[in-house]
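Peer 1: Dropping a structure here in structure tokens format, bear with me for questions.
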Amino acid sequence: MARIRKDHPRLFFNADTWPAVKERALTACKDHFAEVKRHADGPWADEGGEWAVIERPPARPGSSVDVRDWGKQLMAAALAHRVEPSPQRLQRIKDMLWASLDYYHACYAAGQDVSWYSTSRIGWLCAFDWTWRELTPNERRELGASMLRHVDDALHKPNIRRRNLAGFQSGYYGADNIAFFAGVVFLNEGI
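FYI, this note's numbering numbers position 26 of the sequence shown as 26, with every residue one higher than the one before it.
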């Protein structure tokens, strides 16, 4: 744990490696980065559809972002925002963070897991981590506490249908994986 940085971002790149990531996105990988931006800024697009079929809550007041699992697009949006900062994209990221959390909590309230895989929740954590410095301390606390409630539900809430508690022996794709990445993001942050 001593090797986890005190600053953000922490997931997949950090302040030292970021300049090379950004440079590559703008040069050698510019065509792929254009696709990342198109995905980030587009409508909800999960090729597999929604895994958890629930009645979704309404969007939050003032938000045009539907309540659903935006995790994969959040990761793309946060990467695009770090490369090409935009106040509009940042606001959409914040709305997508909340909409995703509302969806995650609604799934567990309905007794159903969000997905067999943790990929989208890791995308949520990446977006949160990668925009950390642009979130207010209050936004960090509220979003972070809500995500940590979800992580606790994912690990411990009883009677959740289709929960994946498989650990490293089977690919480490489930709730344990979410807890690991959340631990890296929230370590020593007082949330």
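Just so it is clear, CB atoms sit at the ideal spot from N, CA and C, and this is done for glycine as well.
Would you call the region 171-184 and the region 107-126 touching, i.e. three or more CB-CB distances under 8 Å?
Peer 2: yes
Peer 1: How would you write the range of the alpha helix (DSSP H) that Q73 sits in, first residue to last?
Peer 2: 71-83
Peer 1: Applying the 10 Å Cβ sphere with the 16-neighbour rule, what's the burial state of N188?
Peer 2: It is exposed - the Cβ of N188 has fewer than 16 other Cβ atoms within 10 Å.
Peer 1: Taking 8 Å as the threshold (C-beta atoms), are W132 and A99 in contact?
Peer 2: no
Peer 1: Cβ atoms of V151 and R10: under 8 Å apart, would you say?
Peer 2: no
Peer 1: Determine the direct distance from the alpha carbon of D31 to that of V83, and round the result to whole angstroms.
Peer 2: 14 Å
Peer 1: Can we say the region 22-42 touches the region 56-67, given the rule of at least three CB pairs closer than 8 Å?
Peer 2: Contact annotation: the region 22-42 does not touch the region 56-67, with fewer than three C-beta pairs closer than 8 Å.
Peer 1: If you follow the alpha helix (DSSP H) that N138 is part of, which residue opens it and which one closes it?
Peer 2: Taken as a continuous stretch (DSSP letters only), the alpha helix (DSSP H) holding N138 covers 137-156.
Peer 1: Just verifying my parser: in three-state terms, what is the DSSP assignment at R161?
Peer 2: It is a strand residue.
Peer 1: Smallest Cα separation from H39: which of H81, P158, V53?
Peer 2: Nearest to H39 by alpha-carbon distance, out of H81, P158, V53, is H81.
Peer 1: With distance defined between alpha-carbon atoms, name the residue in D16, E23, A76 nearest to G42.
Peer 2: A76
Peer 1: So which of T27, R141, G190, Y104 has the shortest CA-CA distance to W124?
Peer 2: When the alpha-carbon of W124 is set against those of T27, R141, G190, Y104, the nearest one is in Y104.
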